[in-house]
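**Q** Just passing along the structure, written as structure tokens.
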Amino acid sequence: MHVKLPVATLAAATLMASSAMPVVADKASGTLNVAFTKELENVDSYFNSAREGVVLQRAIWDGLIYRDPETNEYIGNLATSWEWIDDTTLEFKLREGVTFHNGEAFNADDVVFTVDFVAKEENGVKTQRNVNWMESAEKIDDYTVRIHLKDKFPAAIEFLSGPVSIYPNEYYAEVGPSGMGLKPVGTGPYKVSEVVPGQHFVLEANENYYDSPKGQPEIAKIDIRTIPDVNTQMAELFSGSLDLIWQVPADQANKLAEMGQFTVANESTMRVGYVQMDAAGRSGDNPFTNKLVRQAVNHAINRQELVDALLQGKSKVVYTPCFPSQFGCVQDVTEYEYDPEKAKALLAEAGYPDGFTVDFYAYRDRQYAEAITSYLNAVGIQTNFNMLQYSALRELNMKGEVPIAFQTWGSYSINDASAMVSQFFKHGSLDNAQDDQVLEWLNVADSSTDPDERIEYYTKALQRISEEAFWAPMFTYNTNYVFKDEVAYTPTPDEVLRFVDMSWK
Amino acid sequence: MLAFILKRLGLALLVAFTVSFISFSLLFLSGDPAAALAGETASGEDVEALRRLYGFDRPMLVQYGEWLFAALRGDFGESYYFKLPVASLIAERLQVTMTLGVCGILFALVTAVPLGVAAAIRPNSLIDRLALFLSVAGQAMPSFWFGLILIVVFAIQLGWLPPSGAESWRHFIMPTIVLGYYAMPAIMRLTRAGMLDVLNSDYIRTARAKGAGETRVLFKHGLRNAIIPVVSLAAVQMGFMLGGSIVVESVFALHGAGYLAWESIARNDLPTVQALILVFSMFYIVFTFLADVMNAWLDPRMRSA
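Protein chains in written order, with numbering that gives the first Met the number 0: chain A, 0 to 504; chain B, 0 to 304.
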């Protein structure tokens, strides 16, 4: 009897063999199959804070302004022109003849509705910083609209070309954020034909797309599935059911490149990794209140080696608390070369000839954080390594209980230094420097409408931050895009996957 | 029997309540829900605004009471993350997990019980060694690795099965095997041990002596007695599979309730985690109860307990 036992398994195997998997994804079918790693909470771009959300936002909706990702030049999109009426009022002339995916015509009412809705804090827009600088909008006529700012905010143009997209007023008033998330309607190059929350999104080219600077969509259909495991994504790529994956770790990307069947493109992202130190002594008396110790930390870490060995690709060493392409992120600051002997000497001068022991925190990229602690250990700073969930570390940080930590910041792809340096050095709950001088200069830089004056004051602030060694900025991140050879795409340095720029070879 | 069921029901409610309170407290202590909700790109001020908006600044007991009161009326609230009603979110994801769980346990039983019986009939034979090998391998292999090996062989090399997803029954074959295989060793070893025990007992010798056929001896007299602990084990394994298929769901991109629970914990999505934990603990309670009933049916001696 026992001989018959494996029959069930064999039968199952035969059954499997009888139906071979049809390969659905290719150029012929006109569908580009893409994987997301993370479950996106809501397609409504004002109600998610995920990178995946930005990708869909750029495909489905349009903003008033467009920033060319290559030249960083601002071009009209839903607006044809704009001007500052005064320091806190922007006037836009709107494009005529544009319709939303549901047929609703685009005009000033849509802009007014969208701005008024998102600017109200109680409507709960998730990324408040993207919208909370706006007060309200005012219709002048059907195709002229004014946006009133709460305060002077020169980065307005950058935000209007990025996260602020215009929604159809009648539809949005009716369905709200959850309805918009399930059946999104915009003016963008792609319209949404299917949403299974968090799991599956299908986009179709908008054939009536107006003459936008984004260009016309070439790929007819984009099918996006959420596959949490990178190995599974690679298996799908090998078996032919995916055409493009992104955010592929460096070691995997290197192997994929060697196979020769795929294009592996590496591009920088705006994310900056840095070591934060409690210079203000919020966590109590600690060694980092001493400038010499902070300088020692800066000298102790071999940034170039981290980039070469771990991050690879287009990552670069940085010395500024902002991403180099950001407006105002001047690079003319103190550069601390790798010099462990100097670090030890500085520690000794600060009164720690034998070093000290401190709690070190991190929330992502454990291997980078551990490499950093090993450099610190080498000069005598012993670390108790704590890896926390993001939200837990955030909470500790806001309470000011973190002496030193490896942190990162992606600036939400906003190409303006205020999106990073001003987040952390203006005495907010995440400011571990609490420096009055830096605050004063950043206030001028953030609110001046004169670009030269902004540069001048960012320079002052950034130079003081690096001189005082409040942080030890480390490196910029990069990401790998892997796609089939029949896909033509050149990624941009802002980590936004642009379907409209993709085509079949 | 009624008293037995009522007592069981009371216990179940108490367990569910305790579990929900503990999970709420743990989640609350593990991290700031407002920070998780605001996401990585939010500033400290955004987080404060969200904290006020959702009322996270109030005492934990007040928030728990509020949740409990709504839950008792069948209202599990809205997921902080997905902004969708938790009940419908879970209902949708449970379909995948239940399908997988049922298939997994059936696969485990269908393969493990016969193997266990066969191993017991011929101890130390080739089939026994094979069964032992399978069970050791099953215990030793992490399921994510086994899953990937199956994907490499059946999806990439042979191209017979789709690597991931949940669109058709063919998508469930590999996940079923991986999930079921994990439960197999225990069931098989228990069946083998039980059968060995039973086959050496006096009444089996009596049955053989009175001339009963070998099949009748093995199945009517032998397996029916040996299977009792296996039923309890399978019920527990079933509960485990429904709540613990996280890894399998993640490897095969199945988006079931297990993966949802895992992700919701990381996202501090309190309403979703609370409802899921309630559902999972109910599964354990229901399956343990079912196991008791089945055991009572299989073994009249247990009916009085």
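Ideal Cβ positions, reconstructed from N, Cα and C, are used throughout, including at glycine.
Return helix, strand or coil for A/V23, following the three-state DSSP convention.
**A** Looking up residue 23 of chain A in the first sequence gives position 24. In this prediction, A/V23 has a pLDDT of 48, which is less than 50 and means its spatial position is unreliable; what the coordinates show is noted afterwards. Reduced to three states, the DSSP call for A/V23 is coil.
**Q** Any C-beta of chain A sitting closer than 8 Å to the C-beta of B/P161?
**A** Against the second sequence, residue 161 of chain B aligns to sequence position 162. Yes, B/P161 lies at the interface with chain A (some Cβ there is under 8 Å from its Cβ).
**Q** Going along the chain, which unbroken runs of the alpha helix (DSSP H) with 4 or more residues stay wholly within the stretch 436-490 of chain A?
**A** Qualifying alpha helix (DSSP H) stretches, in chain order: 450-466.
**Q** Three-state secondary structure (DSSP) at A/E334?
**A** What you label residue 334 of chain A is simply residue 335 of the first sequence in a count that begins at 1. In this structure, A/E334 counts as coil in the three-state DSSP scheme.
**Q** Starting from A/Y189 and walking both ways along the beta strand (DSSP E), at which residues does that stretch end?
**A** Numbered from its first residue, the first sequence carries residue 189 of chain A at position 190. Per DSSP, A/Y189 belongs to the beta strand (DSSP E) from Y189 to V195.
**Q** Is there a Cβ of chain B sitting closer than 8 Å to that of A/R506, yes or no?
**A** Because chain A here runs from 0 to 504, residue 506 of chain A falls outside it and cannot be looked at.
**Q** Around the C-beta of A/V23, are 16 or more other C-beta atoms found within 10 angstroms, so that it is buried, or is it exposed?
**A** Mapped onto the first sequence, residue 23 of chain A falls at position 24. Its pLDDT being 48, under 50, A/V23 is placed unreliably in this model, and the value from its coordinates should be taken loosely. So A/V23 counts as exposed.
**Q** Anyone know if the C-beta pair for A/Y411 and A/L387 falls short of 8 Å?
**A** Reading the first sequence from its first residue, position 412 is the one you call residue 411 of chain A. Reading the first sequence from its first residue, position 388 is the one you call residue 387 of chain A. No, these two residues do not count as a Cβ contact at 8 Å.
**Q** From this set, A/N431, A/D415 and A/P339, which residue's C-alpha is nearest A/M397's C-alpha?
**A** Start at 1 with the first residue of the first sequence, and residue 397 of chain A comes out as number 398. Ranking A/N431, A/D415 and A/P339 by Cα distance to A/M397 puts A/N431 first.
**Q** Just confirm the distance between the C-beta atoms of B/A225 and B/T190, as a whole number of angstroms; I'd bet it's less than 8 Å.
**A** Against the second sequence, residue 225 of chain B aligns to sequence position 226. Against the second sequence, residue 190 of chain B aligns to sequence position 191. Between B/T190 and B/A225 the Cβ distance is about 6 Å, and since that is below 8 Å, they are a contact.
**Q** Going by DSSP, what residues sit across from A/H147 in a beta bridge?
**A** The count along the first sequence starts at 1 and reaches residue 147 of chain A at position 148. Its beta-bridge partners are A/T88 and A/S135.
**Q** Whole angstroms are fine: how far does the CA of A/T113 sit from the CA of A/P216?
**A** Residue numbering aside, residue 216 of chain A sits at position 217 when the first sequence is read from its first letter. Residue numbering aside, residue 113 of chain A sits at position 114 when the first sequence is read from its first letter. A/P216 and A/T113: Cα-Cα distance of roughly 25 Å.
**Q** Of the choices A/G283, A/D67, A/F322 and A/H199, whose alpha-carbon is the least far from that of A/M419?
**A** The sequence position of residue 419 of chain A within the first sequence is 420, counting from 1. Comparing Cα positions, the closest option is A/F322.
**Q** By alpha-carbon positions, which one of A/E400, A/I464, A/T356 and A/M258 ends up nearest to A/D484?
**A** Here residue 484 of chain A corresponds to residue number 485 of the first sequence, with the count starting at 1. For the residues A/E400, A/I464, A/T356 and A/M258, the minimum Cα distance to A/D484 belongs to A/M258.
**Q** Quick one, are the C-beta atoms of A/L309 and A/N477 less than 8 Å apart?
**A** For this step, residue 309 of chain A is matched to residue 310 along the first sequence. For this step, residue 477 of chain A is matched to residue 478 along the first sequence. Going by C-beta atoms, A/L309 is not nearer than 8 Å to A/N477.
**Q** Applying the 10 Å Cβ sphere with the 16-neighbour rule, what's the burial state of A/Q260?
**A** Stepping through the first sequence from its first residue, residue 260 of chain A is reached at position 261. Answer is exposed; the Cβ neighbour count stays below 16.
**Q** Express the C-alpha separation of A/V110 and A/D507 in angstroms, rounding to a whole number.
**A** This structure gives no information on residue 507 of chain A, because the portion of chain A shown stretches from 0 to 504.
**Q** What span of residues does the alpha helix (DSSP H) with A/D222 cover, start to end?
**A** Here residue 222 of chain A refers to the residue found at position 223 when the first sequence is read from its first residue. No alpha helix (DSSP H) contains A/D222, which is instead part of the beta strand (DSSP E) from K220 to T225.
**Q** Any Cβ of chain A within less than 8 Å of the Cβ of B/S244?
**A** Numbered from its first residue, the second sequence carries residue 244 of chain B at position 245. With 8 Å as the cut-off, B/S244 does not count as an interface residue toward chain A.
**Q** Where does A/G62 land, buried or exposed, given buried means 16+ other C-beta within 10 angstroms?
**A** Along the first sequence, read from residue 1 onward, the residue named residue 62 of chain A stands at position 63. With 16 or more other Cβ atoms within 10 Å, it is buried.
**Q** In the DSSP output, which residue or residues are listed as bridge partners for A/E507?
**A** The structure shown does not extend to residue 507 of chain A, since chain A is modelled only from 0 to 504, so the question has no answer here.
**Q** Starting from B/D127 and walking both ways along the alpha helix (DSSP H), at which residues does that stretch end?
**A** Numbered from 1 along the second sequence, position 128 holds the residue referred to as residue 127 of chain B. L125 to A139 is the span of the alpha helix (DSSP H), which, as asked, contains B/D127.
**Q** What are the boundary residues of the alpha helix (DSSP H) that B/M194 is part of?
**A** Indexing the second sequence from 1 puts residue 194 of chain B at position 195. Element bounds for B/M194: I172 to L198.
**Q** Going by other Cβ atoms of all chains shown within 10 Å of its Cβ, with 16 needed for buried, is A/D85 buried or exposed?
**A** The sequence position of residue 85 of chain A within the first sequence is 86, counting from 1. With fewer than 16 other Cβ atoms within 10 Å, it is exposed.
**Q** Across the stretch 115-132 of chain A and the stretch 41-55 of chain A, are there enough close Cβ pairs to call them in contact, namely three or more that are closer than 8 Å?
**A** Cβ pair count under 8 Å is three or more, so yes.
**Q** Which residues does DSSP list as the beta-bridge partners of B/M240?
**A** Residue 240 of chain B sits at position 241 when you count from the first residue of the second sequence. DSSP, once it has assigned bridges, lists no residue as partnering B/M240.
**Q** What residue range is occupied by the uninterrupted beta strand (DSSP E) comprising A/V506?
**A** In the structure as shown, chain A starts at 0 and stops at 504, and residue 506 of chain A therefore has no counterpart that could be examined.
**Q** Short of 6 Å in beta carbon distance, which residues of its chain neighbour A/M20, apart from the five on each side in sequence? Order them along the chain.
**A** Counting from 1 along the first sequence, the entry for residue 20 of chain A is found at position 21. Note that A/M20 has pLDDT 41, beneath the 50 cutoff, so the model's placement of it is unreliable and the number below is only indicative. Cβ within range, chain order: n/a, list empty.
**Q** Just tell me which of A/S135, A/N129 and A/G102 has its CA closest to the CA of A/F116.
**A** Within the first sequence, residue 116 of chain A is the residue found at index 117, counting from 1. Closest by alpha carbon: A/S135.
**Q** Which term fits B/W159, buried or exposed, when burial requires 16 or more other beta carbons within 10 angstroms of its beta carbon?
**A** Taking the first residue of the second sequence as 1, we reach residue 159 of chain B at position 160. Buried is the call here.
**Q** Tell me, please, whether the CB atom of A/L243 is closer than 8 Å to any CB atom in chain B?
**A** Reading the first sequence from its first residue, position 244 is the one you call residue 243 of chain A. With 8 Å as the cut-off, A/L243 does not count as an interface residue toward chain B.
**Q** Going along chain A in order, which residues have a C-beta closer than 8 Å to the C-beta of B/G164?
**A** In the second sequence, counting from the first residue as 1, residue 164 of chain B sits at position 165. R224, listed in chain order.
**Q** Got a sec? Which residues, its chain only, sit under 8 Å from A/A377 by beta carbon, not counting five neighbours each side?
**A** Numbered from 1 along the first sequence, position 378 holds the residue referred to as residue 377 of chain A. Around A/A377: A299 and P339.
**Q** Would you call B/L13 buried or exposed, if buried means 16 or more other Cβ atoms sit within 10 Å of its Cβ?
**A** Looking up residue 13 of chain B in the second sequence gives position 14. Exposed is the call here.
**Q** How would you label B/K6, buried or exposed, when you count the other beta carbons within 10 angstroms and need 16 or more for buried?
**A** For the purposes of this step, residue 6 of chain B is identified with residue 7 of the second sequence, where counting begins at 1. With fewer than 16 other Cβ atoms within 10 Å, it is exposed.
**Q** Taking just the CA atoms, how far does A/Y208 sit from A/A78?
**A** In the first sequence, residue 78 of chain A corresponds to position 79, counting from 1. In the first sequence, residue 208 of chain A corresponds to position 209, counting from 1. Taking the straight line joining both Cα atoms gives about 15 Å.
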